[in-house]
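Accompanying notes for the structure given below.
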């Protein structure tokens, strides 16, 4: 190949890139109304001259996005990921009211806000130092998992030690139907469940035996106050107080306790 052929190859490549860029610009003019613009997010690189052409048309182009972020953006904004510019049509576009770049510390982030039907989002956590951020992150993650479990299960159990008190009472009734040494196993398993309300009482600074007796008396009387109020040490209705436990967490706890 000589210099002339190389020059022709460069020109052909340049024309190909310009044609593809023109397709994006034409799509923006077709799909966007007055006061609207378009954002193009690509996992690979974008030609600098193409970036300039898009910027002149008011199109924000972001390159080298992570695959994980691409998937989240699709869930948040709608639309579809496409492998070719030729597949870009108004039907595959997502929507966001505002797209902006902000610098936080030493990093620059792109914010997509005002999405219409989000199935994904980002929670921005700020803290004085990494330890605080780590603690907040763990709390948020635990809370999200608890909500996810509740939605998946479709049911909840009374918290504050209530489910353990109820299970203990049920096992004690079941114990009466069991013959022989199996009674001891049922008794031991039932008593082990009461470790939860006892620990709650101990951690709150109350006498564990007194608190437990009050809970059992309420349960025997048919009262819904089978949970422990750590503020007063008295029985409370965990359902009325909004204190719940995840069904799958308790199920796993009971299943593991009989195996380990």
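In the numbering used here, the protein residues as written are -12 to 247.
All C-beta atoms, glycine included, are put in the ideal place defined by N, C-alpha and C.
For clarity, every value in this text was computed on a predicted model and none was experimentally measured.
Requested in this report: With a 10 Å radius around its C-beta and 16 neighbouring C-beta atoms as the bar for buried, classify residue 250 as buried or exposed.
Outcome: In the structure as shown, the chain starts at -12 and stops at 247, and residue 250 therefore has no counterpart that could be examined.
**Report entry** Whole beta strand (DSSP E) elements within the segment -1 to 52, 3-residue minimum
**Finding:** 26 to 28, 47 to 49, all fully within the segment -1 to 52.
Query raised in the report: residue 98 lies in the beta strand (DSSP E); which residues open and close that run?
Result: One-based indexing of the chain shown puts residue 98 at position 111. Residues 94 to 100.
**Report entry** Beta-bridge partners of residue 219, as assigned by DSSP
**Finding:** The residue you call residue 219 lines up with position 232 of the chain shown. Answer is none; residue 219 lacks a bridge partner.
Report task. Decide if residue 214 is buried, meaning its Cβ has at least 16 other Cβ atoms within 10 Å, or exposed. Result -> Looking up residue 214 in the chain shown gives position 227. Residue 214 should be labelled buried.
Query raised in the report: Thinking just about the alpha-carbon of each residue, which of 146, 117, 122 is nearest to the one in residue 184?
Result: Your numbering for residue 184 matches position 197 in the chain shown. Out of 146, 117, 122, 146 has the C-alpha closest to the C-alpha of residue 184.
**Report entry** Cβ-Cβ separation, residue 29 to residue 65 (assumed contact under 8 Å), whole Å
**Finding:** The residue given as residue 65 occupies position 78 in the chain shown. The residue given as residue 29 occupies position 42 in the chain shown. Residue 65 to residue 29, Cβ: 18 Å. No contact.
Query raised in the report: How many angstroms separate the CA atom of residue 205 from the CA atom of residue 154?
Result: In the chain shown, residue 205 corresponds to position 218, counting from 1. In the chain shown, residue 154 corresponds to position 167, counting from 1. Those two C-alpha atoms are separated by around 14 Å.
Requested in this report: Give the C-beta separation of residue 106 and residue 62 to the nearest angstrom, bearing in mind that I take them to be a contact with Cβ-Cβ under 8 Å.
Outcome: To locate residue 106, count along the chain shown from 1; it is residue 119. To locate residue 62, count along the chain shown from 1; it is residue 75. With a Cβ gap of about 4 Å, residue 106 and residue 62 count as contacting.
**Report entry** Contained alpha helix (DSSP H) runs [length at least 4] in the segment 120 to 170, N- to C-terminal order
**Finding:** 149 to 162
Query raised in the report: Given that a residue counts as buried once 16 or more other Cβ atoms are within 10 Å of its Cβ, and exposed if not, what is residue 232?
Result: Within the chain shown, residue 232 is the residue found at index 245, counting from 1. Classified as buried, residue 232 has 16 or more neighbouring CB atoms from the shown chains inside 10 Å of its CB.
Report task. Give the secondary structure of residue 213 by DSSP, where H, G and I count as helix, E and B as strand, and everything else as coil. Result -> Mapped onto the chain shown, residue 213 falls at position 226. Three-state result, residue 213: coil.
**Report entry** Beta-carbon proximity list for residue 161, same chain, < 7 Å, skipping 5 on both sides
**Finding:** One-based indexing of the chain shown puts residue 161 at position 174. Shown here for residue 161: same chain residues with a beta carbon closer than 7 Å to its own, the five before and five after excluded, namely 173 in chain order.
Query raised in the report: With 16 other CB atoms within 10 Å as the buried threshold, where does residue 111 fall?
Result: In the chain shown, counting from the first residue as 1, residue 111 sits at position 124. So residue 111 ends up on the exposed side.
Query raised in the report: Okay, do the segment 208 to 227 and the segment 181 to 195 touch, 3+ Cβ pairs below 8 Å being the bar?
Result: yes
Query - Through-space distance from residue 234 to residue 150, alpha-carbon basis - result: What you label residue 150 is simply residue 163 of the chain shown in a count that begins at 1. What you label residue 234 is simply residue 247 of the chain shown in a count that begins at 1. Approximately 10 Å between the Cα atoms of the pair.
Query raised in the report: How is residue 232 classed by DSSP in three states: helix, strand or coil?
Result: As a working mapping, residue 232 is identified with position 245 in the chain shown. Strand, per DSSP.
Query - residue 148 burial status per 10 Å Cβ neighbour count (16 or more: buried) - result: Locating residue 148 in the chain shown gives position 161, counting from the first residue. Classification of residue 148: buried, given that the 10 Å Cβ count is 16 or more.
Query raised in the report: What's the call for residue 82, buried or exposed, on a 16-neighbour Cβ count within 10 Å?
Result: Locating residue 82 in the chain shown gives position 95, counting from the first residue. Answer is exposed; the Cβ neighbour count stays below 16.
**Report entry** In DSSP terms, what residue 89 is bridged to
**Finding:** Numbered from 1 along the chain shown, position 102 holds the residue referred to as residue 89. Answer is 96, bridged to residue 89.
Query raised in the report: Starting from residue 204 and walking both ways along the alpha helix (DSSP H), at which residues does that stretch end?
Result: Within the chain shown, the letter at position 217 stands for residue 204. Here the alpha helix (DSSP H) through residue 204 covers 195 to 207.
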